[in-house]
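Under UniProt numbering, the first residue of the sequence shown is numbered 1, with each subsequent residue one higher.
One structure is given below, encoded as structure tokens.
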Amino acid sequence: MGRRPLQVATALLALVPILTGIITMLGVSDPLYASAGVPALPVLDSNLRFFGGVWLGLGLALLWLVPRIESESVLFRAVWGGIFLGGVGRLLSMLMVGLPPLPFVGFTALEVIGAPLFVYWQHLVATAGRK
């Protein structure tokens with residue numbers, strides 16, 4: 001559970017928001033939304049593209065901090081905090097609207113359970129690096 005495994009896990013997980021952020025910037029033309037028959041409402045398309053860009057930015061921030069992962073605690077926590085809050089939003093949606101497709105339930109678990117675990121892991125790595 002040291003520095004190198006955290007770097008590898010972070011780099012691999014950063015690819016998820018990078019790739020899905022790019023795809024989500026297609027708006028309602030994103031293959032997921034297009035296949036679901038989501039209507040091309042301007043406000044929905046605009047929000048999807050905006051949040052796709054934010055998601056892409058979070059992924060790029062994660063990738064940027066990988067080489068200095070033990071010393072970038074504030075950014076690491078801010079990014080994973082944002083991911084955690086996104087998971088809380090998904091949980092609210094599940095409670096108020098219903099369950100999304102199964103992969104999104106898995107994303108929610110990673111966001112709500114995994115985010116605090118990653119923050120703790122990085123804390124352990126940062127603390128060990130100061131000794």
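No residue lacks a Cβ here, since even glycine has one placed at the ideal position from N, Cα and C.
Around the Cβ of residue i, are there at least 16 other Cβ atoms within 10 angstroms (buried) or fewer (exposed)?
i, result
"Ile83", "buried"
"Pro17", "buried"
"Ile113", "exposed"
"Thr127", "exposed"
"Trp64", "exposed"
"Ala36", "exposed"
"Leu56", "buried"
Does residue i come out as helix, strand or coil in the three-state DSSP assignment?
i, result
"Arg77", "helix"
Taking residue i as part of the alpha helix (DSSP H), name the residues at either end of that continuous run.
i, result
"Pro116", "115 to 129"
"Val105", "102 to 109"
"Leu17", "Before going further, note that residue 17 is Pro rather than Leu in the sequence given. Taken as a continuous stretch (DSSP letters only), the alpha helix (DSSP H) holding Pro17 covers 3 to 24."
"Leu41", "Careful: Leu41 lies outside any alpha helix (DSSP H) and carries neither H nor E."
State yes or no: is the C-beta of residue i nearer than 7 Å to some heavy atom of the ligand MG?
i, result
"Gly21", "Absence of the ligand MG is noted for the structure shown, with no ligands found whatsoever."
ask   = Given 8 Å as the limit, is there contact between the segment 104 to 119 and the segment 65 to 85, that is, 3 or more CB pairs closer than that?
value = yes
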